[in-house]
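Novice: Pasting a structure below so you can have a look.
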Amino acid sequence: MSVFGEAALSAFLEPLSAKLLDSVLNFVADHRQVHQQLKLWQSILPEIKAVLNHVEEKQIKDEGVKNWLGDLQDLAYDVDDILDEFAYQELRLKLQKTQAQASSSKVRKLIPTCCTGGHFFPFSLMLNAKMISKIQAITDRLNSLNTRRSSLGLSEIMSQGATFKGKKPRLQPTSFMDGAVEYVGRANEKQEMLELLESNNSDGVCVLSIVGMGGMGKTTLAQLVYNDPSIKESFDHKSWVCVSDDFDAVNITKTILRSLDADSRDENDLNLLQVKLKEKLSGKRMLLVLDDIWNESYSDWTILQAPFGAGTKIIVTTRLQKVSSNVDSVKAFYLDKLLHHDCLSIFAQHAFKARNFDGHLQFKEIGENIVRRCNGLPLAAKAIKSLLRTVMDHSEWEKVYESEIWELPEDPQEEIILLWRAEGFLQSKAKIQGKGLGNQYFQDLVSRSFFQISSKDKSRFVMHDLMNDLAQLVAGEICCRLEGEKQQKFSHRSRHSTYVIDDWYQSVKKFEAFYQMTSLRTFLGLMAPRYQVFYLTKVVLEDLLPRLSYLRVLSLGGYEIYNLPDFFKNLKHLRYLNFSRTRINRLPDSLCSLYHLETLILRSCSKLKNLPSKIGNLVNLHFLDIRGAGSIERMPSGFDQLTKLQTLSNFVIGEGDGRLIRELKNLSNLRGNFCLSGLENVDGQDAREAKLNEKLGIDGTRKTEVEERVLDFLHPLKKLEQLIIENYGGVKFSSWIADSSLKNLSYLKLRNCKNCKSVQKIGVELFRENQLNPFASLEILSFESLPNWKEWDTCEGDEKVLKFPSLRELSIKTCPQLLGRLPTHLPSLQKLEIHSCTSLVVSISSFLSLCELSIQGCAKLVDDCSSAAKELSSLQTLSLSNISKFNIPADRTMLRFGNSEHFEIDGWEELASLSRYGFSLVGHRFITVWGCPQLQSLEAEEAELQPDKISRVESLRIACCDRLNRLPQVLHELTFLTVMEIDNCRSLVSFAENNLPPNLEKLRIRNWENLEYLVDEKEDNKSMSSTLCLLEDLYIYNCPSLMSLSAKGRKNICNQLQLLEIYHCSKLSCLFSNTKFPITLKHLRIHQCPMLEYIAEEFEESACLESILFFRSGIKSLPRGLDKLIHLQEICLDWCSNLVSFEESGLLSTGFRDFKVIDCGNFGALPKCMASITSLRQLSVDNCSADISFPSEGFPANLTSLAISNAPKIYWSLVE
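For the sequence shown, full-length UniProt numbering gives the first residue as 1, with consecutive numbering after it.
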């Protein structure tokens, strides 16, 4: 099922009319036939647009209307492609004219007079028959659609007066009147809020906050309380303000005043407004709702609430816990997901305006299934039912439920907005820049739970699977997605495509479906995270992409691409180009003919040496990212022509190119993070000409005697938010760094300033005398590689004045001479990193908001709080390494650090016992102990390690602990432990003495000299049970004493394995004691195990096996039953001198793709069934027995790669 959205289609048609009105008609004025047809388009399109408001619901009942809409959408794309071609040609001619005018007058005299007019070359000379034919075909289709519109009765709808003009598809703010259905699931919260609001026990302002993720019903709960009849009796005034992300105290106060007095005079002076509001509220009780607050500034809140006093009750709704803390809530109501029956009730209300499905029993079961997928989100339930409200067909509901669920890749907001812009979705009549408009759209979608903040990375977003289903449903055949090897047939109407990069090599077969989609606009690969290296068939670059001439988006990031064919001349419409993380060393010159290109991403292209010399031709470029492209030594000239450039990650100035910095003068739209590299090649006058004080950021200087003047002239705009100064060679900093006008500075980093002698005492130089708080907005402060820095004077004489009130992250690295202590007044500090500061004393006594603490290489770690120590309840990550003196009492250590989720100790040479310093495994989820050569045991007392106390442990990594002689005895009772890694622990003899942990999924063992068995079961232990082990991934490397994977004297313990990798185990002679493979095993890789001659008797139960690889192993033969491995794809036998042949049954004929036998000197016969293995694509036989011969039946006909070396009998058979 597909449903065309009239709003989206109308929004797409509107720019088409604008293009016709603006310049295209003038551009083709010389070509009479084309001009007449475009004038016809101009007259018909508004008539069609006018009916779109009324056909969305009609298409559901009328198949003819639905087909008409589909044809219209397809035609709209084709019209846009034609108009975009005209716009491209116009841009090209303008550039040619500009370049010609810049040449010498002698050259200009050679140009004919007819070519020096407005268009340089008459466009009529460029219109070929093919283009004219396309235009005529579109005219015919447009006339046909207009005729069908009348026959479908849509013209009568238009006559009713509804038109597209004036419609604004803008998301509206909330109000207390929103929501007409009964509210369910929050009755307890509502009642408690009413009781708190109606009580009179507060002397000041009483604030209640409602906190929860998007879609949880925060606004709805506030509306329910606000509209309750009892509120009207308890308060004299009520006011509702939708704040959203625009926290403006003036506008909020004005809105409140207007709700109290509609005739209130408009003022813009906050003081006057607040005085008037205070007078209005004198002696009155008021309820104020501030809905959807995002602003985390405590000072902004303090200013806003100044007029309110006793009798005022405020309800705040927000997604952010910090907002709730800032407003000093009497109580915060944290909304969790709804129970299933409550979510079902919401769904029923929006579907049938009823409380349940009693009146629609035929939809009850499928409705309940859909609601389960809503995962307790009330907004998701409303959204999906809004789609199905008018669909009363049970089969359509089933399609929604049964549609493929897949997890969207987590994307940063910026990347999504760049893709929107490339597809033309960010159209605005107002002067709002594309990125700003994109941010606005994105936040609207986040607020409606279309996107959700990733739980793994707060800067990234994911899409709920139901929202994804909804999007796919509306998109229909316009969007398509390719996953796996399965072949799919896509519609010729498909315009946007993604494909999943789910294998290391992307063959031509995967892309065969794309040859059907000649009008494709989006070619976007989605990379699966489990692979690291990807290869792409050259057919895509050399043959497929040149055919996709209408592409707007092309992303080939992550592939091992070394050379690019010159195919860009065919991609005139391209807006977005991503080659990040590829191996390309140059870009073809034809890339500079992409005059529409807006986004160019070359991030981490480590081999790229230069940007194209004619980059100035990319006049529409907005975004250029070359971060991580470290081989680029200089920028080409022409950047002064890129006046639309908003984001430039790095500008590299090469030796002798200092004047190129002047080209930045014209880039007035530049903003965001911006790095200047090679400033040692710039003199002061060049820096002055660059006028960076009109831009938003700088990053980078180098070392010469003129660098102080350069830095002085690089004075940035007062709105500067981020400042990084790296490799500065001057002896002092510029005065503007601590200028009080830089009040918006949130990020400051000083790195590798080796010559700054004045940095020996950081203090007055950075803070300036007589400045109370120059860094009020600073959130992140970083010092790195300052070898001469000896003292940090933070000017904390007046404790009432906070120098860093907003500082969240502090990082000091490689400052070996820094003495003394850190600042003590850092109330907002959440992350503290101290690395390689061997003279510094670190005290954590006053940092009670810490979430992440990493101390590596300091003189002393202390906790010298004189009062009772408080628990660091917010601490999530603790990393301690190479600390000379640990002066924190054991009881305080447990209190401060005992509940951190991530616990890491590294390079602590004196540590013999965790308990001596108060450390324990208790309470942590992810534990790493690394480089503690004196550590003998991870446990001190058995009471400390009771299962009920350590049940949280999920991951345990131990390495380089030479004296560790045993693992915790209760290891097998850690029910949440899923990952273990043990490396270089020479004193350990066995992994465990009883069972493996019952839910262990991944185990990696490296460099155990004395390991003989995974589990060394004691004779008197009767609890051993193989059924409890869920191990899926086992990796063993360099364990020379290992003899078997089984427990000593017992049956298999690895019966759930999927991946088995064993390397360098010289005594390994048996894998599984019962000589049978785990039925779940998928991948088997054995390297350099010379004693391993047999791996199992047969494969009959190993139906899941996909790949077999042996290298330098003693294997004599493979088990019987190879012909039963229905999933087997690959066998590689390398340096297996004992291997003679395959067993008689041979190989399965389907699915098997790759067979290699290399340096197996005694291997003398290929499987007899070779000719019947039709799936085989690659066969390699190298340096095997001289007697190995060509199979009598021949080779498979579908082979794509055959490599034969040192096999004379096969060679001569092929020749014959």
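Beta carbons are placed, not taken as given, at the ideal position from N, Cα and C, and that holds for glycine.
Identify whether T1150 lies in helix, strand or coil by the three-state DSSP scheme.
Specialist: Residue mapping note: residue 1150 aligns to position 1150 of the sequence shown, counting from 1. Of the three classes helix, strand and coil, the one that applies to T1150 here is coil, per DSSP.
Novice: Checking the sheet assignment: what are the DSSP bridge partners for F1142?
Specialist: Counting from 1 along the sequence shown, the entry for residue 1142 is found at position 1142. None; F1142 has no bridge partner.
Novice: Taking DSSP's pairing of strands, which residues face R957 in a bridge?
Specialist: The residue labelled residue 957 in the question sits at position 957 within the sequence shown. Beta-bridge pairing links R957 to T928 and E981.
Novice: Straight-line CA distance for K254 to L750?
Specialist: Residue numbering aside, residue 254 sits at position 254 when the sequence shown is read from its first letter. Residue numbering aside, residue 750 sits at position 750 when the sequence shown is read from its first letter. The straight-line gap from Cα to Cα measures roughly 43 angstroms.
Novice: Taking the continuous alpha helix (DSSP H) assigned at V275, which residues delimit it?
Specialist: Sequence index remark: in the sequence shown, residue 275 carries index 275 (1-based). First-last of the alpha helix (DSSP H) with V275: L270 to L281.
Novice: Which residues bound the alpha helix (DSSP H) around M131?
Specialist: The sequence position of residue 131 within the sequence shown is 131, counting from 1. Here the alpha helix (DSSP H) through M131 covers A129 to S151.
Novice: Exposed or buried, what is T1200 when buried is set at 16 or more other beta-carbons lying within 10 Å of its beta-carbon?
Specialist: Taking the sequence shown and counting its residues from 1, one reaches residue 1200 at position 1200. Exposed.
Novice: Who are K66's beta bridge partners in DSSP?
Specialist: Start at 1 with the first residue of the sequence shown, and residue 66 comes out as number 66. For K66, which the question treats as bridged, DSSP gives no partner whatsoever.
Novice: Kindly indicate which three-state DSSP category T498 falls into: helix, strand or coil?
Specialist: Here residue 498 refers to the residue found at position 498 when the sequence shown is read from its first residue. Strand at T498.
Novice: Quick one: what does DSSP say H1087 is sitting in, helix, strand or coil?
Specialist: Against the sequence shown, residue 1087 aligns to sequence position 1087. Of the three classes helix, strand and coil, the one that applies to H1087 here is strand, per DSSP.
Novice: Regarding Q443 and the ligand MG, is the C-beta to nearest heavy atom distance less than 8 angstroms?
Specialist: Among the ligands in the structure shown, none appear at all, so the ligand MG cannot be discussed.
Novice: With DSSP as the reference, please indicate the residues paired to V539 in a beta bridge.
Specialist: On the sequence shown, residue 539 is found 539 positions in, with the first residue counted as 1. According to DSSP, V539 bridges with nothing at all.
Novice: If we ignore side chains and look at the alpha-carbon of each, how far apart do K860 and P968 end up?
Specialist: Taking the first residue of the sequence shown as position 1, residue 860 is located at position 860. Taking the first residue of the sequence shown as position 1, residue 968 is located at position 968. Taking the straight line from one Cα to the other gives about 30 angstroms.
Novice: Tell me, please, whether the region 535-551 touches the region 513-520 by the rule of three or more beta-carbon pairs shorter than 8 angstroms.
Specialist: Yes: the two stretches touch, three or more of their Cβ pairs being nearer than 8 angstroms.
Novice: Once DSSP output is grouped into helix, strand and coil, what is the label at P412?
Specialist: Along the sequence shown, read from residue 1 onward, the residue named residue 412 stands at position 412. DSSP places P412 in strand when its eight states are reduced to three.
Novice: Rounded to whole angstroms, how far is the Cβ of H924 from the Cβ of E901, which I believe are closer than 8 angstroms?
Specialist: As a position in the sequence shown, residue 924 is number 924, starting the count at 1. As a position in the sequence shown, residue 901 is number 901, starting the count at 1. Yes, H924 and E901 are in contact; Cβ-Cβ is about 7 angstroms, under 8 angstroms.
Novice: In whole angstroms, what is the alpha-carbon distance linking S604 and V539?
Specialist: Here the question's residue 604 lines up with position 604 in the sequence shown. Here the question's residue 539 lines up with position 539 in the sequence shown. Cα to Cα, S604 sits roughly 24 angstroms from V539.
Novice: Tell me V879's beta-bridge partners as DSSP assigns them.
Specialist: Position 879 of the sequence shown, counted from the first residue, corresponds to residue 879. Reading off the sequence shown, one finds Ser at residue 879, where the question assumed Val. Bridge partners of S879: S854 and E904.
Novice: Tell me which residue opens and which closes the alpha helix (DSSP H) that V462 is part of.
Specialist: Translated into the one-based positions of the sequence shown, residue 462 becomes position 462. It is not in any alpha helix (DSSP H) - V462 instead sits in the beta strand (DSSP E) that spans R460 to V462.
Novice: Between which two residues does the alpha helix (DSSP H) holding T975 run?
Specialist: Here the question's residue 975 lines up with position 975 in the sequence shown. Taken as a continuous stretch (DSSP letters only), T975 belongs to no alpha helix (DSSP H), as it is neither H nor E.
Novice: Run the CB neighbour count on residue 1218, radius 10 Å, all protein chains shown included, and call it buried at 16 or more, exposed below.
Specialist: This structure cannot speak to residue 1218, because the chain is shown only from 1 to 1216.
Novice: With a threshold of 7 angstroms on Cβ separation, who are the neighbours of L1147 within its own chain once the five nearest residues in sequence on each side are excluded?
Specialist: For the purposes of this step, residue 1147 is taken as the residue at position 1147 of the sequence shown. Cβ neighbours of L1147 beyond the five flanking positions: L1122, D1123, P1167, C1169 and I1173.
Novice: Using 10 angstroms around the beta-carbon of D291, count the other beta-carbons present and answer buried if the total reaches 16, otherwise exposed.
Specialist: Here residue 291 refers to the residue found at position 291 of the sequence shown. Result: buried.
Novice: For F357, which residues of its own chain have a beta-carbon under 7 angstroms away from its beta-carbon, when the five flanking residues on both sides are left out?
Specialist: Translated into the one-based positions of the sequence shown, residue 357 becomes position 357. So the list reads A348, F363, K364 and G367, once near-sequence residues are dropped.
Novice: My output table needs one value for R481: the three-state DSSP class, helix, strand or coil.
Specialist: Taking the first residue of the sequence shown as 1, we reach residue 481 at position 481. Here R481 sits in strand by DSSP.
Novice: For V682, which of L667, V652 and N669 has the nearest alpha-carbon?
Specialist: Position 682 of the sequence shown holds residue 682. The shortest Cα separation from V682 among L667, V652 and N669 belongs to V652.
Novice: Closer than 7 angstroms by C-beta to C592: which residues in its own chain qualify, once you throw out the five before and the five after it? Chain order, please.
Specialist: Residue numbering aside, residue 592 sits at position 592 when the sequence shown is read from its first letter. Within the same chain, C592 has close Cβ partners P612, K614, I615, N617 and L618.
Novice: Which one of A687, L142 and K732 has the shortest CA to CA distance from L45?
Specialist: Translated into positions along the sequence shown, residue 45 becomes position 45. For L45, the nearest C-alpha among the options comes from L142.
Novice: Opposite T647 in the DSSP bridges: which residues?
Specialist: Here residue 647 is taken as the residue at index 647 of the sequence shown, counted from 1. Its beta-bridge partners are F623.
Novice: Buried or exposed: where does H31 fall if 16 or more other Cβ atoms within 10 Å of its Cβ makes it buried?
Specialist: Here residue 31 refers to the residue found at position 31 of the sequence shown. Its Cβ being crowded by 16 or more others within 10 Å, H31 is buried.
Novice: Note down, in chain order, each residue of its chain lying with its Cβ closer than 6 angstroms to the Cβ of D1187, except the 5 sequence neighbours on either side.
Specialist: By one-based count along the sequence shown, residue 1187 stands at place 1187. G1164.
Novice: How would you write the range of the alpha helix (DSSP H) that M286 sits in, first residue to last?
Specialist: Position 286 of the sequence shown, counted from the first residue, corresponds to residue 286. Run containing M286: none in the alpha helix (DSSP H); it sits in the beta strand (DSSP E), M286 to I293.
Novice: Suppose you measure from the CA of N369 to the CA of G185; what does that come to, to the nearest Å?
Specialist: For the purposes of this step, residue 369 is identified with residue 369 of the sequence shown, where counting begins at 1. For the purposes of this step, residue 185 is identified with residue 185 of the sequence shown, where counting begins at 1. Roughly 19 angstroms separates the two Cα atoms.
Novice: In or out: P229 buried (at least 16 other Cβ within 10 Å) or exposed?
Specialist: Counted from its first residue, the sequence shown places residue 229 at position 229. So P229 ends up on the exposed side.
Novice: Using only the alpha-carbon positions, how far apart do T116 and V28 sit?
Specialist: The residue given as residue 116 occupies position 116 in the sequence shown. The residue given as residue 28 occupies position 28 in the sequence shown. A caution first: T116 carries a pLDDT of 43, below 50, which makes its placement in the model unreliable, though a value can still be read off. Going from the Cα of T116 to the Cα of V28 covers about 17 angstroms.
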